[in-house]
Amino acid sequence: MRATFWGTRGSLASPGLDTIRYGGNTCCVEVRTDADDLVVLDAGTGIRRLGQSIPDDAPRVDVLLSHLHMDHIQGLGFFDCLYRDGFPVHLWGPASTTMSLRTRLSRYLSPPLFPVRLRDLPCDLTLHDVGFEPFDIGGVTASCSLVCHPAPTVGYRLEADGVTLTYLSDHEPALGVRDFPPPPEWTSGFDLAHRADLLIHDTQYTEEEYETRVGWGHSTVEHAVAFAAAVGAKAYAPFHYDPTHDDARRDAMLAEAAAALAGRCQVIPAREGDTVVVTREGVLLPADLP
Ligand SMILES: [Zn+2]
Ligand SMILES: [Zn+2]
Numbered sequence: 096m097r098a099t100f101w102g103t104r105g106s107l108a109s110p111g112l113d114t115i116r117y118g119g120n121t122c123c124v125e126v127r128t129d130a131d132d133l134v135v136l137d138a139g140t141g142i143r144r145l146g147q148s149i150p151d152d153a154p155r156v157d158v159l160l161s162h163l164h165m166d167h168i169q170g171l172g173f174f175d176c177l178y179r180d181g182f183p184v185h186l187w188g189p190a191s192t193t194m195s196l197r198t199r200l201s202r203y204l205s206p207p208l209f210p211v212r213l214r215d216l217p218c219d220l221t222l223h224d225v226g227f228e229p230f231d232i233g234g235v236t237a238s239c240s241l242v243c244h245p246a247p248t249v250g251y252r253l254e255a256d257g258v259t260l261t262y263l264s265d266h267e268p269a270l271g272v273r274d275f276p277p278p279p280e281w282t283s284g285f286d287l288a289h290r291a292d293l294l295i296h297d298t299q300y301t302e303e304e305y306e307t308r309v310g311w312g313h314s315t316v317e318h319a320v321a322f323a324a325a326v327g328a329k330a331y332a333p334f335h336y337d338p339t340h341d342d343a344r345r346d347a348m349l350a351e352a353a354a355a356l357a358g359r360c361q362v363i364p365a366r367e368g369d370t371v372v373v374t375r376e377g378v379l380l381p382a383d384l385p
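Quick note, the sequence shown lines up with residues 96 to 385 if you use my numbering.
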């Protein structure tokens, strides 16, 4: 299984010379199986360039939305596949207690926020309100559950090629917990991430930043490291970088996580444009690949 990071930033796109290595586009990850089945995680601004890389004769594309905060859907209106006549596009994501995914997404994909209405798109569009039964996309078995973040938000667990990738882009499992992590059954996201071969997890804040942002739905390095250790993740990629963080800050946070998990869990950088390969023996980085 391969994963390509098209957008790694949280909250707001933040391009610039000082974010060039980790990237400025918001959340979007491409997952490909060995048989070339395609699953896209979130539709932040990174999805624009991903769309351009998908050939017209691809069989279909499935986009799994974690939630509908703007940094996770803002690229959707610029996703090339939506404008291809009859091209099969499946959008999966959480409904709210009162509105379907279609109604919720239509708020963004309609004037005055966007010139094109969801119903006017020429592709063959299917929307799925995600439930809590696993579902299959080609050779991928996907499961999801609600996680601790403001508004209905899910994390995803993808299983294919004998490995598991877990995506928890926006997640504050330590919220309201005095001694984190608590026992597994009380930890948000535990089942999704249990023994994942690659855990992509919210690591937005430093300890100092978190003090004034409790309840905003995001994690510090310390929280994410404790979570990765508690679930027994084999590899962990910090994700959802704060827009104010430059590359040097992210290098330091990555090093802090790697030191804390040394010998227990492989810590890898999620850098925009990088493709990594998830294997049972570990995650191969671009430098490891031919
Ligand atoms: Zn976000
Ligand atoms: Zn969010």
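The beta-carbon is built from N, C-alpha and C at its ideal position, and this holds for glycine as well. Values in this document were obtained by computation on a predicted structure and should not be read as measured data.
Exercise for review: Under 8 angstroms by Cβ, that's how I've got Leu293 and Val373 pegged, so tell me the actual separation to the nearest angstrom.
Suggested key: Within the sequence shown, numbered from 1, the residue matching residue 293 stands at position 198. Within the sequence shown, numbered from 1, the residue matching residue 373 stands at position 278. Between Leu293 and Val373 a beta carbon distance of about 5 angstroms is seen, short of the 8 angstroms cut, so the two are scored as contacting.
Check your understanding: Just to check, is the beta-carbon of Asp137 closer than 7 angstroms to a non-hydrogen atom of ligand 2?
Key -> Walking along the sequence shown from the start, residue 137 turns up at place 42. Not one heavy atom of ligand 2 sits closer than 7 angstroms to the Cβ of Asp137.
Check your understanding: Taking Cβ to Cβ, would you say Gly312 is nearer than 8 angstroms to Pro245?
Key -> Counting from one through the sequence shown, the residue named residue 312 turns up at place 217. Counting from one through the sequence shown, the residue named residue 245 turns up at place 150. In this structure, Pro245 lies closer than 8 angstroms to Gly312 by Cβ.
Point to revise | Inter-residue spacing [alpha-carbon to alpha-carbon] between Ser314 and Pro210 | key: Here residue 314 is taken as the residue at index 219 of the sequence shown, counted from 1. Here residue 210 is taken as the residue at index 115 of the sequence shown, counted from 1. When rounded, the distance between both Cα atoms is 35 angstroms.
Review point. What is the DSSP secondary structure of Leu287, reduced to helix, strand or coil?
Key: Here residue 287 refers to the residue found at position 192 of the sequence shown. When secondary structure is reduced to three states using DSSP, Leu287 falls in the helix class.
**Study point:** Cβ-based neighbour list, Ala319, same chain, cut-off 8 angstroms, excluding 5 preceding and 5 following
**Key:** For the purposes of this step, residue 319 is taken as residue 224 along the sequence shown, with counting starting at 1. A distance below 8 angstroms between beta-carbons, with the five flanking residues on each side excluded, links Ala319 to the following residues of its chain, in chain order: His296, Asp297, Thr298, Tyr331, Pro333 and Ala352.
Check your understanding: Along the chain, where does the alpha helix (DSSP H) that runs through Gly102 open and close?
Key -> Here residue 102 refers to the residue found at position 7 of the sequence shown. Segment Arg97 to Gly102 is the beta strand (DSSP E) holding Gly102; no alpha helix (DSSP H) there.
Exercise for review: Taking only runs that begin and end inside the segment 97-148, name each unbroken beta strand (DSSP E) of 3 or more residues, in chain order.
Suggested key: The beta strand (DSSP E) runs of length 3 or more contained entirely in the segment 97-148 are, from start to end of the chain, 97-102, 123-127 and 133-136.
Review point. For ligand 1, is there a heavy atom less than 7 angstroms away from the beta-carbon of Ser106?
Key: Along the sequence shown, one-based indexing puts residue 106 at 11. The answer is yes for Ser106.
Practice item. Please say whether Val249 and Leu241 have beta carbons closer to each other than 8 angstroms? Key: Position 146 of the sequence shown holds residue 241. Position 154 of the sequence shown holds residue 249. Annotated as proximal: Leu241 and Val249, with beta-carbon spacing under 8 angstroms.
Check your understanding: Can you tell which of Arg308, Met96 and Gly102 has its C-alpha closest to the C-alpha of Ser264?
Key -> As a first step, residue 264 must be located in the sequence shown, where it is residue number 169. When each option's Cα is compared against that of Ser264, the closest is Gly102.
Review point. Pairing CB atoms from the segment 158-167 with CB atoms from the segment 184-202, are three or more of them under 8 angstroms?
Key: These segments touch.
Practice item. In angstroms with no decimal places, state the Cα-to-Cα distance between Arg308 and Thr301. Key: Here residue 308 corresponds to residue number 213 of the sequence shown, with the count starting at 1. Here residue 301 corresponds to residue number 206 of the sequence shown, with the count starting at 1. So the two alpha carbons sit approximately 10 angstroms from each other.
Review point. With C-beta atoms as the reference, is Arg143 less than 8 angstroms away from Phe174?
Key: Sequence index remark: in the sequence shown, residue 143 carries index 48 (1-based). Sequence index remark: in the sequence shown, residue 174 carries index 79 (1-based). For the pair Arg143 and Phe174, the CB atoms are nearer than the 8 angstroms cut-off.
Review point. Quick one: is Asp157 buried, meaning 16 or more other Cβ sit within 10 Å of its Cβ, or exposed?
Key: As a first step, residue 157 must be located in the sequence shown, where it is residue number 62. So Asp157 counts as buried.
Exercise for review: May I ask you to check if the CB of Cys122 is nearer than 7 angstroms to at least one heavy atom of ligand 1?
Suggested key: The sequence position of residue 122 within the sequence shown is 27, counting from 1. Taking 7 angstroms as the cut-off, one finds at least one heavy atom of ligand 1 near enough to the beta carbon of Cys122.
Point to revise | Through-space distance from Pro279 to Tyr336, alpha-carbon basis | key: Residue mapping note: residue 336 aligns to position 241 of the sequence shown, counting from 1. Residue mapping note: residue 279 aligns to position 184 of the sequence shown, counting from 1. Spanning the two alpha carbons is a distance of roughly 26 angstroms.
Practice item. State yes or no: is the beta carbon of Phe173 nearer than 8 angstroms to at least one beta carbon in chain D? Key: The structure shown contains no chain D; it holds only a single protein chain.
Check your understanding: Among Leu220, Arg199 and His167, which residue has its Cα nearest to the Cα of Phe182?
Key -> In the sequence shown, residue 182 corresponds to position 87, counting from 1. Ranked by how close their Cα comes to the Cα of Phe182, the residues Leu220, Arg199 and His167 have Leu220 in first place.
Check your understanding: Roughly how many angstroms separate the alpha carbons of Asp166 and Ala357, rounded to a whole number?
Key -> Within the sequence shown, the letter at position 71 stands for residue 166. Within the sequence shown, the letter at position 262 stands for residue 357. Each residue's Cα considered, the two are about 32 angstroms apart.
Practice item. Compute the distance between the beta-carbons of Leu270 and Cys239, then report whether it is under 8 angstroms. Key: Taking the first residue of the sequence shown as position 1, residue 270 is located at position 175. Taking the first residue of the sequence shown as position 1, residue 239 is located at position 144. Contact flag unset, no.
**Study point:** Supposed contact pair Arg116 and Asp342 - C-beta distance, whole angstroms, cut 8 angstroms
**Key:** Along the sequence shown, one-based indexing puts residue 342 at 247. Along the sequence shown, one-based indexing puts residue 116 at 21. Confirmed, about 4 angstroms.
Practice item. Let me know the secondary structure DSSP gives Ala343 once reduced to three states. Key: On the sequence shown, position 248 is the one that residue 343 refers to. Ala343: helix per DSSP, three-state reduction.
Review point. Nearest-angstrom Cα distance between Met348 and Thr193?
Key: One-based indexing of the sequence shown puts residue 348 at position 253. One-based indexing of the sequence shown puts residue 193 at position 98. Met348 and Thr193: Cα-Cα distance of roughly 39 angstroms.
Practice item. Please name the residue or residues paired with Gly377 in a DSSP beta bridge. Key: On the sequence shown, residue 377 is found 282 positions in, with the first residue counted as 1. Residue pairing by DSSP places Gly377 opposite Thr374 in a beta bridge.
Check your understanding: How far does the beta strand (DSSP E) with His296 in it reach, from first residue to last?
Key -> On the sequence shown, residue 296 is found 201 positions in, with the first residue counted as 1. Where His296 is concerned, the enclosing beta strand (DSSP E) starts and stops at Leu293 to Asp297.
Review point. In or out: Ser148 buried (at least 16 other Cβ within 10 Å) or exposed?
Key: For the purposes of this step, residue 148 is taken as the residue at position 53 of the sequence shown. Ser148 is exposed by the Cβ-count criterion.
Exercise for review: Run through the segment 194-275 for me and flag every whole alpha helix (DSSP H) of 4 or more residues, listed as ranges in chain order.
Suggested key: Fully enclosed alpha helix (DSSP H) runs of 4 or longer: 196-203.
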